[in-house]
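Engineer: Got a structure here, written out as structure tokens. Questions coming.
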Amino acid sequence: MYIGIDLGGTNIAVGLVDKEGKVVAKKSIPTSATRPVSDIIADMANLALEVTAENGLKKEDIEYVGIGAPGTVDNANGRIVYANNIGFKDTPVAEIFRKTWDIPVYLGNDADCAALGEAHAGAAHGCNNAIMITLGTGLGGGIIINKKIYSGFNSAGGEIGHMVIVRDGKACTCGRRGCWETYSSATGLIRMTAEAMLADHERKSILWQMVEGDIDKVSGKSAFRAADEGDELAKSILKDYFEYLACGIANIINIFQPEVFVIGGGISKEGEKLVAPLRELVSREIYTRGVAQTQLKAATLGNDAGIVGAAMLGL
Ligand SMILES: [Zn+2]
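Heads up: the sequence shown begins at 91 in my numbering, then just goes up one per residue.
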């Protein structure tokens, strides 16, 4: 049995995970990211001990602990190099964790862990090669090659959201312009929805009714729900959004040819409303003909992907 921990900016989720990648039990607490990092790490270790004891297991029943964190991690040295939104900077996570519980600790980037989780027990189950993107505030990427995370020689790779798809396009948080993330993350869809609504001066679109006239209430779901009602503006927003998303997916498939390309994050809950139009667009743009084609799928593990992937880090 393994422990998988998803260390996020809002919550710390700890799960007891079996060899098949099934979450047997889990618990979560608020991260309260403004407190000292040593307190956050001690809380993770204590919660891991709690989950273990509550399920009738002893410390010795757990082989290791895996931790997925937002940012750049140095697994070989047990450190989180940089994770801005939780205040970790060159933090010796494994060493601090082992002050509470002396057990092997493995570290991974959260998007990489989500991809590893889906490859072990989710939409890409059984695949040797898979790529996953997470559409949330940003656009996270995880590349799995021969069942292992690929993150470059310095553990900082796999940042496929920062591939430029529009030269001199919208400014990105990373400092470049026109990154895929600025167009295809949930944040990108919200921005495109709001921009289109503000250009609709007569407010004919039902999007305006759905947000009760308040542009700040636009969410990643707004355009999907308005399109369900046949709203033309919403359909044109989604058409643009799908084209940006498909452009990046086709770029990645052309390079890696994974068996499965998984789409996760909040937007992926739209399921086939998202994936079906993408399949159509991507199939027109990929280079290969006459060989087996990459399957495009929505993620199936939801919020558990990070826990499952973290628990698989030591395999
Ligand atoms: Zn960027």
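Virtual Cβ for every residue (Gly too), placed ideally from N, Cα, C.
1. Please list the terminal residues of the continuous beta strand (DSSP E) segment that includes residue 180.
2. Sort 286, 321, 253, 221 by Cα distance to residue 385 and report the nearest one.
3. Would you list the one or two residues that DSSP bridges to residue 164?
4. Any contact of the segment 187 to 203 with the segment 372 to 392, i.e. 3+ C-beta pairs under 8 Å?
5. So the beta strand (DSSP E) residue 352 belongs to, where does it begin and stop?
6. Between residue 266 and ligand 1, is there a pair consisting of the residue's CB and a ligand heavy atom that are separated by less than 7 Å?
7. Taking 8 Å as the threshold (C-beta atoms), are residue 397 and residue 368 in contact?
8. Nearest chain C C-beta to residue 104 closer than 8 Å, yes or no?
9. Could you tell me the distance, in whole angstroms, from the CA atom of residue 87 to the CA atom of residue 308?
10. What does DSSP give as the partner residue(s) for residue 220 in the beta ladder?
11. Have a look at 402, 399, 351 and flag the residue whose alpha-carbon is nearest the alpha-carbon of residue 213.
12. Based on Cα-Cα distance, which residue from 128, 119, 171, 106 lies nearest to residue 143?
13. Under 8 Å by Cβ, that's how I've got residue 135 and residue 178 pegged, so tell me the actual separation to the nearest angstrom.
14. With C-beta atoms as the reference, is residue 146 less than 8 Å away from residue 94?
15. Sorry if obvious, but does the Cβ on residue 215 come closer than 7 Å to a heavy atom of ligand 1?
16. Could you say which of 393, 101, 160, 321 lies nearest to residue 230 if we only look at CA atoms?
17. With H, G and I counted as helix, E and B as strand and the rest as coil, what does DSSP make of residue 367?
18. Is residue 269 near ligand 1, in the sense that its beta carbon is under 7 Å from a heavy atom of that ligand?
19. Let's test the definition: count the other Cβ atoms within 10 Å of the Cβ of residue 210 and tell me whether it reaches 16, buried, or not, exposed.
20. Is it the case that the CB of residue 262 approaches a heavy atom of ligand 1 more closely than 7 Å?
21. Looking at the secondary structure, which residues open and close the alpha helix (DSSP H) in which residue 278 lies?
22. Got a sec: does ligand 1 put a non-hydrogen atom nearer than 7 Å to the Cβ of residue 291?
23. In terms of alpha-carbon separation, which member of 140, 108, 124 lies closest to residue 117?
24. Judging by CA-CA distance, which residue of 181, 165, 166 is the nearest neighbour of residue 172?
Structural biologist: Answer, in terms of the structure:
1. 178 to 181
2. 221
3. Paired residue(s): 169.
4. Contact fails: fewer than three Cβ-Cβ distances are below 8 Å.
5. 350 to 354
6. yes
7. No, Cβ-Cβ distance for residue 368 and residue 397 is not below 8 Å.
8. You won't find chain C in this structure, because it holds only one protein chain.
9. In this structure the chain extends from 91 to 405, so residue 87 is not present and cannot be described.
10. According to DSSP, residue 220 bridges with 234, 350.
11. Minimum Cα distance to residue 213 is reached at 351.
12. 106
13. Going by Cβ atoms, the distance from residue 135 to residue 178 rounds to 15 Å, so no, they are not a contact pair.
14. 8 Å or more divides the Cβ of residue 146 from the Cβ of residue 94.
15. Distances from the CB of residue 215 to the heavy atoms of ligand 1 are all 7 Å or more.
16. 160
17. helix
18. yes
19. buried
20. yes
21. That run of the alpha helix (DSSP H) goes 276 to 288.
22. no
23. With distances taken between CA atoms, residue 117 lies nearest to 140 out of 140, 108, 124.
24. 181
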